Amino acid sequence: MSNSIGIAGAGFSGAIIANKLANAGFKVDVFEPRAHVAGNCFSSRDNSTGIMVHKYGPHIFHTDKEHVWQYVNKLASFKPYVNRVKANSGGKIYSLPINLHTINQFFGTAFSPAEAEEFICMQADQDITEPVSFEQQAMKFVGKTLYNAFFAGYTQKQWGLSPAELPASILKRLPLRFNYDDNYFNHQFQGMPEQGYTPIIEKLLNHPNIKVHLQQKLSRDQCSEFTHVFWSGPLDAYFDYRLGRLPYRTLDFREIRATGDYQGGAVVNYCDADVPYTRISEHKHFTPWEQHQDTICFAEYSRQAQPEDEPYYPVRLVNDKQLLSAYVTLAQQERAVTFVGRLGTYRYLDMDVTIDEALQTADAFLQAHAQQQVVPAFIISPL
Ligand code: UDP
């Protein structure tokens, strides 16, 4: 009992903490409600084509954190991969994220970087000094015309809300460039694990001190059997939703099979409001070093998650943050439970941040345990 750890969830957060604690001599039980490990990073080869499919939507590894890049590269062989996304707006194809090519394509110009910057500055709403909403951020960032073409419809479909109701932070994820760099991410390190993400998680969990229980939920009552519990499931689920449900968006995927090349690249975003899906991803393009005759794509449809759905994106509007804050207060009254990851802290997290935080959490636990100190409910604040 004195050195036993329970972990809810076998995604990156749960697997990394399990691995680090197992290495330190703890006995770890990992409970995973699904029939497989790896959480939403789960990837597996499609039976008929052999293509590596990301079951819960595309996951491209990108980071600026060198230690995280080194960490994942010790676990798997990564191949160079640069995410280049195209946008379909008004029935035409453009380069994304918005860059010099997009601007010149859209306005039919041949601007230099300086000319494009001056032009966008004129389009942008200079009166907005402190953008609060997504819409204000977009108006300040690119102006009304590009906002309407690339962000308004897509964002309404993705979040089910008007961009005027959404926080500016969502748009801050995307770059705006006045050169021809069409790399979707600004990060220094980017790549794809050669054999997908699942073997990485399996490797982390393959340890004599770790027992994985698939298709089993860790119940709140069971938690008292462990010295400490790490909960990477939904924060509100731990409390049986006693204060209400934290809202999430979920995704439905429509499978498209074809021969040859369906769309010519890994991701095409559909920015118009009257196209019901947000994007189509063609998964064989995530492994450009492999050859496949046939192809498999998924069109993504976003909607509000119902209790039986997989939670994907935390919504985090003002009211949701109030509910989150009430759950955080409850969590802080628990003893010996630490909440981690996207679902445990109700945040929109990229994989590299999840990994970094899981490493920090395991270190903080080991340090506190060695000094017989209390381990807090949150190592990283969700608020
Ligand atoms: N977005 C948009 N148009 C696009 C791509 C993104 O309006 O073509 C907005 C949308 O609100 C989205 C956000 O920018 O939620 C962040 O985009 P990102 O590609 O990071 O979304 P993710 O891949 O995490 O779903």
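Count along the sequence shown starting at 1, add 1, and that's the number in our numbering.
Glycine is no exception: its CB is placed at the ideal position from the N, C-alpha and C atoms.
Since the model is a prediction, treat every value here as computed from it, not as a measurement.
Span of the beta strand (DSSP E) holding residue i?
i	result
residue 230	229 to 232
residue 185	Premise fails: residue 185 is in no beta strand (DSSP E) and is neither H nor E.
residue 268	268 to 271
residue 374	Per DSSP, residue 374 belongs to no beta strand (DSSP E) and is neither H nor E.
residue 296	295 to 305
residue 339	338 to 340
residue 281	280 to 283
residue 7	5 to 9
CB-CB under 6 Å to residue i, same chain, minus the five flanking residues each way: which ones, in chain order?
i	result
residue 144	124 and 125
residue 2	Bear in mind that the predicted position of residue 2 carries a pLDDT of just 45, short of 50, making it too unreliable to give a figure here.
residue 165	134 and 136
residue 259	296
residue 55	44
residue 171	135
residue 255	300
residue 365	380
residue 382	none
Are the CB atoms of residue j and residue i within a distance shorter than 9 Å?
i	j	result
residue 353	residue 66	yes
residue 16	residue 206	yes
residue 193	residue 93	no
residue 29	residue 5	yes
residue 348	residue 315	yes
residue 338	residue 18	no
residue 84	residue 267	yes
residue 189	residue 78	no
residue 22	residue 210	yes
residue 269	residue 281	yes
residue 114	residue 179	yes
residue 240	residue 7	no
residue 244	residue 327	yes
residue 204	residue 277	no
residue 52	residue 293	yes
Excluding the 5 residues flanking residue i on each side, which residues of the same chain have their C-beta closer than 7 Å to its C-beta?
i	result
residue 90	150, 151, 272 and 273
residue 312	235, 249, 251, 306 and 344
residue 154	272, 273 and 274
residue 213	11, 31, 33, 38 and 206
residue 105	111 and 112
residue 261	296
residue 175	98
residue 182	100
Tell me where the alpha helix (DSSP H) around residue i begins and ends.
i	result
residue 254	No alpha helix (DSSP H) contains residue 254, which is instead part of the beta strand (DSSP E) from 249 to 260.
residue 142	135 to 142
residue 320	319 to 334
residue 178	Note, residue 178: premise wrong, no alpha helix (DSSP H); not H, not E.
residue 124	114 to 124
residue 361	352 to 371
residue 155	154 to 160
residue 238	236 to 239
Can you find the residues in the same chain that come closer than 8 Å, C-beta to C-beta, to residue i, ignoring five residues on each side of it along the sequence?
i	result
residue 140	125, 126, 129, 132 and 148
residue 60	41, 42, 44, 198 and 352
residue 184	83, 84, 85 and 191
residue 287	53, 55, 59, 61, 82, 193 and 267
ask   = In the stretch 20 to 108, which residue ranges form an unbroken beta strand (DSSP E) of at least 3 residues, counting only runs that do not cross its ends?
value = The qualifying runs are 28 to 33, 44 to 46, 53 to 55, 62 to 64, 79 to 81, 86 to 90 and 93 to 96.
ask   = Residue ranges of each alpha helix (DSSP H) run of no fewer than 4 residues wholly in the stretch 188 to 227, ordered along the chain?
value = Fully contained in the stretch 188 to 227 are the following alpha helix (DSSP H) runs of length 4 or more, in chain order: 199 to 206.
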